[in-house]
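Okay, so the sequence shown: first residue is 1097 according to this note's numbering, each after it adds one.
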Amino acid sequence: MVNFQKLKNIILSNNSFLITTHVNPDADAIGSEIAFYQLLKTLGKKSFIVNHSETPYNLKFLDKDNVIRQFNLDDHSDLFNKVDVLVALDFNRSDRTVSLKKSFEQSKSIKICIDHHKDPEKFVDYEFIDTDYSATGDIIFSLIKETKIVPITKEIAEPIYAAIMTDTGSFRFEKTTAILHRKVAVLLEAGVNPTEIYDKIYDQSKFSKIKLLGRALESIQLIANGKIAYMIITQKDFEEFNAIESDTENFVNYNLSIENVELGLLFIELKNGFKVSFRSKGNIPVNKLAAEFGGGGHTNASGARFFEKQMNAEIIKLILSKAESYVQ
Ligand code: 5GP
Ligand code: MN
C-alpha cells in the first residue's frame, strides 16, 4: 500500500526536487519522470531530471520541454545536495543508477522512492513502493487521482499513458485489470491519443534496430526440452548494424512467442561487461533467477548486469544451467 497522503505532504512541504531513474530507461522510467516533473511544475516547484543514460531516441518525444539531463559529475554533483528531495523513480536499488550512485548515496537531502519492483534495497528515507501496480506511472496516476494534488492535464496524462502502455505489454500482461482500464480511460479523456503514442514508441524504429532484431532472432537456441529459449547479441552485432543498447528493448519477448517456451533469456554484450534479460510465463519467478546474479525485477520480467565480467561461453552456460532448474 502506498501512503499517498504522506507523499503529497512531502511534495507540498518542499521546494526543490531532483528526479532520477535507472540505467537504460524504458518508457515507464522516462514517462514517470516527465509526469512527476509536470506535477511539480504545476505546483510551482523547482525540479531537475538527471539520468545516467541518454534518453532512448523513441522516447525523446515525451520530454517536450527538453529538461532531461545526462549525469556528469562536474555539472551535477552539487545539485544532489542543493535540492530538498531526491526522487528515485522505477527502480529500487542504488546500483541501478550507475554513474550517479555515489552522488545519490552521499546526498543529505530527503530521499524518496516511487516504484513497483520486488525486493527493494533500503536506500531511501521514504518508500512509496507497491508491486501490485502495473507501472510506476500507474502509482503517479493514483497519487494524483486520490489526493487531487494537481489536475490531470494532457501534459501529465501522456507520459503516464506511455508508462502504463509499455509496462503492461500494450495492455496484455497480468496487471491489465478492469480498474487499470478505468484509469486509462481518464487519461484518454484528458486528451491522450493512443494511436500516436504507440506509433512513436514502437513503430518508428531505426532500420539498424530491425537488422539487429534479425540477428537476435537468428541466434535463438532452444534447451530444456524446448522450455527455454535464449538469444545472444554481441558487440560485433551492434557495430555491424550501428545499433545501440536501447534498440534491444523487447527483443527478449520473442523467445516467449515460441510454442512450449516458458522461460526466455537475452544475453547482451556491452562495452563494459554484459547484461541478461529474463522473461517467463506463469509462476516462474525470474526475479529470483536474476537475483542469483545480483539482478532483480518482477516475477515474469527481470534482468541482471555484469559490469566487470566478460560475456563468454562459460558464464552463459552457467546462467543457462541455473535457468534450467526453474523449468520442470
Ligand atoms: P529488462 O530486461 O527489460 O532490462 O528489465 C526487465 C526488468 O528487470 C525491469 O523491470 C528492470 O527493472 C529489471 N532489471 C533489469 N536489469 C536489472 C538489474 O541489473 N538489476 C535489477 N535489480 N533489476 C533489473
Ligand atoms: Mn516500470
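Positions of the beta carbon are idealized from the N, C-alpha and C atoms, including for glycine. Please read all numbers here as calculations on a predicted model, not as lab measurements.
For alanine 1259, the Cβ stays outside the 7 Å cut-off from all heavy atoms of ligand 1. Judged by beta-carbon spacing, lysine 1142 lies beyond the 8 Å limit of isoleucine 1245, meaning their Cβ atoms are not closer than that value. A Cβ-Cβ distance of about 11 Å is found for the pair valine 1146 and leucine 1169, leaving them out of contact under the 8 Å criterion. Membership of leucine 1366 in any alpha helix (DSSP H) is not indicated, and neither H nor E is assigned to it by DSSP.
With a threshold of 7 Å, the Cβ atom of valine 1220 does not count as near ligand 1, since no heavy atom of the ligand is closer than that. The beta carbon of glutamate 1365 lies closer than 7 Å to those of Ile1329, Thr1330, Gln1331 and Met1407 in the same chain, with the five residues before and after it left out. Less than 8 Å divides the Cβ of lysine 1305 from the Cβ of alanine 1339.
Taking 7 Å as the cut-off, one finds at least one heavy atom of ligand 1 near enough to the beta carbon of histidine 1394. From the listed residues Ala1397, Asp1333, Phe1363 and Gly1390, the smallest Cα separation to lysine 1413 is found for Phe1363. The beta-bridge partner set that DSSP reports for glycine 1393 consists of Ser1398. For ligand 1, a non-hydrogen atom lies closer than 7 Å to the CB of histidine 1213.
In the pairwise beta carbon analysis, the stretch 1249-1256 is classified as not touching the stretch 1203-1216: fewer than three pairs are separated by under 8 Å. Short note on aspartate 1228: C-beta not closer than 7 Å to any heavy atom of ligand 2.
With contacts defined as CB atoms closer than 8 Å, phenylalanine 1334 and glycine 1369 fail to qualify as a contacting pair. Secondary structure at tyrosine 1326: strand, using DSSP grouped into helix, strand and coil.
Here the stretch 1157-1164 does not lie against the stretch 1260-1269, with fewer than 3 beta-carbon pairs under 8 Å apart. Setting aside the 5 residues that flank it on each side, aspartate 1343 is surrounded in the same chain by Lys1305 and Leu1308, each with a C-beta closer than 6 Å to its C-beta; the list follows chain order. The stretch 1271-1287 makes contact with the stretch 1230-1244: 3 or more CB pairs, one atom from each, lie closer than 8 Å.
For arginine 1268, there is no enclosing alpha helix (DSSP H), as DSSP gives it neither H nor E. Apart from the 5 residues on each side of it in sequence, valine 1423 sits with its Cβ closer than 7 Å to the Cβ of Ala1320, Lys1323, Ile1324, Glu1358, Leu1359 and Ile1380 in its chain, given in chain order. Counting only residues of its own chain and dropping the five nearest sequence neighbours on each side, glutamate 1355 has no CB closer than 7 Å to any other CB. Here alanine 1397 has Arg1375 as same chain residues with Cβ atoms under 6 Å from its own Cβ, once five neighbours each way along the sequence are excluded.
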